[in-house]
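> My questions will all concern the structure given below.
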Amino acid sequence: MKRLINVIGSLLLLALMLTLMPSNTLAQGEITCENDVVVQADDWLSKLADKFYGDVFAFPAIVEATNKQATVDDSYATIVYADLIEPGWKVCIPSAADAQAMLSQPEIELADELYVYNWADYIDPDLVTRYQEETGVTIVYDTFESNEDMLAKLQAGATGYDLIFPSDYMVAQMIELDMLAELNIDNIPNFRHLSEFNINPAYDPGNVYSVPYFFGTTGIGYNSAIIDPPPDSWAWLFDPEIACQYEGAGINVLNDQRELIGAALRYLGYSINDSNVNHLNEARDLILAAKPCWKTFKSSGYIDDLFIPGEVAMGHAWNGDVYVAAEEVDTWVYVMPKEGGVVWQDNFVIPKTSTRQATAEHFINWLLDPQINAQNTNYIWYSSPNEAAKPYILPEILEDPSIYVDDETLANLEWLEPFSTEELFEWDRVWTEIKAQ
Ligand code: N2P
């Protein structure tokens, strides 16, 4: 009897281990190796060229943890992309049949339509067209100006969306409000490409409800042909003595309460997440004093409408948007003010009300394909969390410390934190007072 209990216990333990094992991980021995080498040099890929099946870049190798760079533990092997393999790793080249099975996408019956709600200028439109052509799914695309606008629209009864792109703190708030569906990660095998830095965030431990899309920072964009001396502080937006010099040239600020009040708080020496009523009132007064010198309050469409045609010479801005403007008018420059600013990460989430969850997961997975993800990155100029996409991302994006920020810059930045109901009330009050005048 005792033995039987032991056997059942072991079986249960085994079942638990199998359930806990990440879905992109195969136990060693499950696959047939056609080749088994310790990688000696960076050019191992070309030496094994005759062993490739199909597209080299989508080619899976099984890597055993033979040195510290391997991200797997000793008992399991994992699928990795050829580009990520370093000398010293032991590589098992799977048989063609196993390679095929490892890369195949789960079968999903796709819906006819997918309702997407995203920030403006935040996807390569060519990819939307391509996904529609490849799958026959019609994407109905809508954009929002800020996390708060998006939430307000959902709370006012917009239940039709299948895929939304909130930032970090808003994911936490939406989880708290019980608005998000738990993701079926088996439908998103490309999740395995995401960097350790970006996954398992404090706002959604274990990525139960969200998958990182892009991350970036908020600072100042300016046209260096007009703004002189170049801004190095939020004073260029908030000190009327400086800002009003550029009244004619045009200043835009983001129509986003967390960003704008947050930047003002930071300029005053407080945290971006400060909810002290006196500090918030101080930030409001600062903003109201500078506001007459600002031309526009826009956080969508501002790249095309303002930066590029020369309507505006300086703006409170998300970094990628300034780089996109600079592709057209190369005097646009992005700078992080010395007082510091916001670092954020936007995410894919599926609202609970969606009736097309599997299709949304299919689209998420498609956008996480390394080459597709790189195409998107090269279009929107934000930092991609996708490690496997890096070989296809433009070097000028990867090597720019204002896009892939270094640790020193990061140390001067803050993540936006979710607020309590009382704190939200104060922030909303101050925002209303700012917008009313
Ligand atoms: C792109 C918007 C970036 C989103 N226009 C900032 N969270």
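If you count by this note's numbering, then the sequence shown holds residues 4 to 440, one letter each, in order.
Built from N, CA and C at the ideal position, the CB exists for glycine as well.
#1: In chain order, which continuous runs of the alpha helix (DSSP H) of length 4 or greater are located wholly inside the segment 360-386?
#2: Would you mind working out which of Trp430, Leu397, Asn121 and Asp124 sits nearest Ser278, comparing C-alpha positions?
#3: Do Asp124 and ligand 1 come close, with the Cβ less than 8 Å from some heavy atom?
#4: Rounded to whole angstroms, what is the Cα-Cα separation between Asn389 and Ala292?
#5: What's the C-alpha gap between Leu427 and Glu110?
#6: Going by the beta-carbon positions, is the gap between Tyr1 and Thr146 smaller than 9 Å?
#7: Please go through the same chain and pick out, in chain order, the residues whose beta-carbon is closer than 8 Å to the beta-carbon of Leu197, but skip the five residues on each side of it.
#8: In angstroms with no decimal places, state the Cα-to-Cα distance between Val338 and Glu330.
#9: Quick check on Phe300: does DSSP put it in helix, strand or coil?
#10: Which residues in the same chain as Leu113 place their Cβ atom closer than 8 Å to its Cβ, once the five residues preceding and following it in sequence are excluded?
#11: What is the rounded straight-line gap between the Cα of Tyr385 and the Cα of Thr358?
#12: Alpha carbon to alpha carbon, how far is Ile202 from Tyr79? Give it in angstroms, no decimals.
#13: Between which residues of its own chain and Asn368 is the CB-CB distance below 6 Å, once the five residues before and five after are set aside?
#14: Which of the three DSSP states, helix, strand or coil, is assigned to Asn125?
#15: Considering only DSSP beta bridges, list what His319 is partnered with.
#16: Specify the secondary structure class of Phe168 as computed by DSSP and reduced to three states.
#17: Check whether the Cβ atoms of Tyr118 and Leu180 sit closer than 9 Å, and answer yes or no.
#18: Can you tell which of Ala175, Trp239 and Asp231 has the C-alpha that lies nearest to the C-alpha of Gly209?
#19: Below 8 Å, how does it come out for the segment 152-163 and the segment 334-353: are there three or more Cβ pairs, yes or no?
#20: Let me know the secondary structure DSSP gives Asp235 once reduced to three states.
#21: Please classify Ala377 as buried or exposed, where buried requires at least 16 neighbouring CB atoms within 10 angstroms.
#22: Would you report the Cα separation of Trp434 and Asp259, rounded to the nearest angstrom?
#23: Does the segment 240-252 come close enough to the segment 410-424 that 3 or more CB-CB pairs lie under 8 Å?
#24: Measure from the alpha carbon of His319 to the alpha carbon of each residue in Gln374, Gly253 and Asn350, then state which is nearest.
#25: Closest by CA to Pro233, which one among Ile223, Asn381 and Asp349?
#26: Could you check whether Thr221 and Glu285 sit closer than 9 Å to each other, using their CB atoms as the reference points?
#27: Answer yes or no: the CB of Trp297 versus the heavy atoms of ligand 1, is any distance below 8 Å?
#28: Only counting the same chain, and skipping five residues up and downstream in sequence, which positions put a Cβ closer than 6 Å to that of Ala395?
#29: Does the distance from the C-beta atom of Tyr212 to that of Leu183 stay below 9 Å?
#30: Report the rounded CA-to-CA distance for Glu199 versus Phe217, giving the unit in angstroms.
#31: Roughly how many angstroms lie between the CA atoms of Lys393 and Asn121, to the nearest whole one?
#32: So for Asn150, helix, strand or coil by DSSP?
#33: Apart from the five residues on each side of it in sequence, which residues of its chain come closer than 7 Å, Cβ to Cβ, to Leu268?
#34: Per DSSP, what kind of secondary structure is Phe200 in: helix, strand or coil?
A quick look at the data gives this:
#1: 360-370 and 373-383
#2: As a first step, residue 278 must be located in the sequence shown, where it is residue number 275. The residue with the shortest Cα to Cα distance from Ser278 is Trp430.
#3: The residue given as residue 124 occupies position 121 in the sequence shown. Yes, the Cβ of Asp124 comes within 8 Å of a heavy atom of ligand 1.
#4: Working through the sequence shown from its first residue, we reach residue 389 at position 386. Working through the sequence shown from its first residue, we reach residue 292 at position 289. Roughly 42 Å between the two C-alpha positions.
#5: Residue 427 sits at position 424 when you count from the first residue of the sequence shown. Residue 110 sits at position 107 when you count from the first residue of the sequence shown. Each residue's alpha carbon lies about 43 Å from the other.
#6: Because the chain in this structure spans residues 4 to 440, residue 1 falls outside the shown range and cannot be described.
#7: Your numbering for residue 197 matches position 194 in the sequence shown. Same-chain partners within the cutoff: Val214, Pro215, Leu371, Pro388, Asn389 and Glu390.
#8: Mapped onto the sequence shown, residue 338 falls at position 335. Mapped onto the sequence shown, residue 330 falls at position 327. So the alpha carbons of these two residues sit roughly 16 Å apart.
#9: Start at 1 with the first residue of the sequence shown, and residue 300 comes out as number 297. Strand, per DSSP.
#10: Here residue 113 refers to the residue found at position 110 when the sequence shown is read from its first residue. Thr138, Gly139, Val140, Ala361, Thr362 and His365, listed in sequence order.
#11: As a first step, residue 385 must be located in the sequence shown, where it is residue number 382. As a first step, residue 358 must be located in the sequence shown, where it is residue number 355. If I take the Cα positions, the gap works out to 30 Å.
#12: The residue you call residue 79 lines up with position 76 of the sequence shown. The residue you call residue 202 lines up with position 199 of the sequence shown. A caution first: Tyr79 carries a pLDDT of 30, below 50, which makes its placement in the model too unreliable to give a value.
#13: Here the question's residue 368 lines up with position 365 in the sequence shown. Within the same chain, Asn368 has close Cβ partners Ile191 and Asn193.
#14: Translated into the one-based positions of the sequence shown, residue 125 becomes position 122. The identity of residue 125 in the sequence shown is Tyr, whereas the question assumes Asn. Reduced to three states, the DSSP call for Tyr125 is coil.
#15: What you label residue 319 is simply residue 316 of the sequence shown in a count that begins at 1. Beta-bridge pairing links His319 to Ile223.
#16: In the sequence shown, the residue the question calls residue 168 occupies position 165. It is coil, neither helix nor strand.
#17: Translated into the one-based positions of the sequence shown, residue 118 becomes position 115. Translated into the one-based positions of the sequence shown, residue 180 becomes position 177. Not closer than 9 Å, so no.
#18: Position 206 of the sequence shown, counted from the start, is the residue given in the question as residue 209. The residue with the shortest Cα to Cα distance from Gly209 is Ala175.
#19: no
#20: What you label residue 235 is simply residue 232 of the sequence shown in a count that begins at 1. Note: Asp235 maps to coil in three-state DSSP.
#21: Numbered from its first residue, the sequence shown carries residue 377 at position 374. Buried.
#22: Sequence index remark: in the sequence shown, residue 434 carries index 431 (1-based). Sequence index remark: in the sequence shown, residue 259 carries index 256 (1-based). The alpha-carbon atoms of Trp434 and Asp259 are separated by roughly 9 Å.
#23: no
#24: In the sequence shown, residue 319 corresponds to position 316, counting from 1. Here the closest residue by C-alpha is Gly253.
#25: Taking the first residue of the sequence shown as 1, we reach residue 233 at position 230. Looking at the Cα atoms, Ile223 is the closest of the given residues.
#26: On the sequence shown, position 282 is the one that residue 285 refers to. On the sequence shown, position 218 is the one that residue 221 refers to. It is not a contact, given that the beta carbons lie outside the stated cut-off.
#27: If you number the sequence shown from 1, residue 297 lands on position 294. Trp297: no, Cβ never under 8 Å from ligand 1.
#28: The residue you call residue 395 lines up with position 392 of the sequence shown. As written in the sequence, residue 395 is Tyr, which differs from the Ala given in the question. These residues qualify, in order along the chain: Gln374 and Ala377.
#29: In the sequence shown, counting from the first residue as 1, residue 212 sits at position 209. In the sequence shown, counting from the first residue as 1, residue 183 sits at position 180. Yes.
#30: As a first step, residue 199 is located in the sequence shown; it is residue number 196 there, counting from the start. As a first step, residue 217 is located in the sequence shown; it is residue number 214 there, counting from the start. When rounded, the distance between both Cα atoms is 14 Å.
#31: For the purposes of this step, residue 393 is taken as residue 390 along the sequence shown, with counting starting at 1. For the purposes of this step, residue 121 is taken as residue 118 along the sequence shown, with counting starting at 1. If you take the alpha carbons of Lys393 and Asn121, they lie about 24 Å apart.
#32: Taking the sequence shown and counting its residues from 1, one reaches residue 150 at position 147. Helix at Asn150.
#33: Stepping through the sequence shown from its first residue, residue 268 is reached at position 265. Only Ser274, Ile275, Asp277, His282 and Ala286 meet the Cβ criterion.
#34: On the sequence shown, residue 200 is found 197 positions in, with the first residue counted as 1. Note: Phe200 maps to coil in three-state DSSP.
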